[in-house]
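In order, the protein sequence lines correspond to chains A and B.
The first sequence begins at 3 in this note's numbering and counts up one residue at a time.
The second sequence begins at 76 in this note's numbering and counts up one residue at a time.
Have a look at the structure below, then the notes.
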Amino acid sequence: DVKVTQSSRYLVKRTGEKVFLECVQDMDHENMFWYRQDPGLGLRLIYFSYDVKMKEKGDIPEGYSVSREKKERFSLILESASTNQTSMYLCASSWQGYGYTFGSGTRLTVV
Amino acid sequence: GNSVTQMEGPVTLSEEAFLTINCTYTATGYPSLFWYVQYPGEGLQLLLKATKADDKGSNKGFEATYRKETTSFHLEKGSVQVSDSAVYFCALSVSNTGFQKLVFGTGTRLLVSP
């Protein structure tokens, strides 16, 4: 089975800190995604990548950036964390039209 | 644009009750439709999917039929169990040049009591 691993389950960071969320997949998928999940809002796409060094903005990219230097790794960066970025962050990967595989999520709290 | 609307939860049922979670969509073109499930403390898992009109997706006793005429993809199960308690997300995919991007509904929490 494809496995998508997110480096942390829980993170607490201070306002203004630079935060890195890491995601690694082990099945050579081209496509990788970062979502945030908030009650009543469902999943919202932040950024996605369809190849190494390629990235595209999703629906809510403001305040975030991403990095994909290797095919298996997709990092989400909060340049200067703010309290409104407190959320559950979900990484996913996919290969063409065969559905997504999600990681277990990182619950980030910014204080 | 592309969007998915789900019934608000929580849906509270007793064990062995019949389940329906409504999902309707708006899409350009001909999307594929999905149901994902999220158990407590975990990420999302694909539950079932349908790729064209009148297709029925099924898995673990859950079913959903792609209804183009009503733009719906309602999730059903004949007899729920306590272990089905989770959040269920309806989603659609739109493909541009072969690349699939998912659009999710807001999720519906299901609570099943013994």
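No residue lacks a Cβ here, since even glycine has one placed at the ideal position from N, Cα and C.
Please read these numbers as outputs of a predicted model, since none were measured by experiment.
Within the stretch 117-187 of chain B, complete beta strand (DSSP E) segments of at least 3 residues are found at 119-125, 131-134, 137-140, 150-152, 161-171, 174-179, given in chain order. The alpha-carbon separation between residue 162/B and residue 137/B amounts to approximately 14 Å. Going by C-alpha positions, residue 122/B is about 30 Å away from residue 69/A. For residue 85/A, the three-state secondary structure derived from DSSP is helix. Unbroken beta strand (DSSP E) runs of no fewer than 3 residues, entirely contained in the stretch 22-48 of chain A, are found at 25-27, 33-40, following chain order. With respect to residue 103/A, residue 6/A sits close: the two C-beta atoms are nearer than 8 Å.
Taking a C-beta distance under 8 Å as the contact criterion, residue 157/B and residue 90/B qualify as a contact pair.
Each of 112/A, 108/A, 113/A was checked against the Cα of residue 118/B, and the nearest Cα belongs to 108/A. Looking at the backbone, the Cα of residue 127/B and that of residue 17/A are separated by about 46 Å. When Cβ-Cβ separations below 8 Å define contact, residue 102/A makes contact with chain B. Close CB contacts of residue 55/A within its chain, under the 8 Å cut and outside five residues either way in sequence, are with 70, 71 (chain order).
Residue-level contact by beta carbon fails for residue 9/A and chain B, as no gap is shorter than 8 Å.
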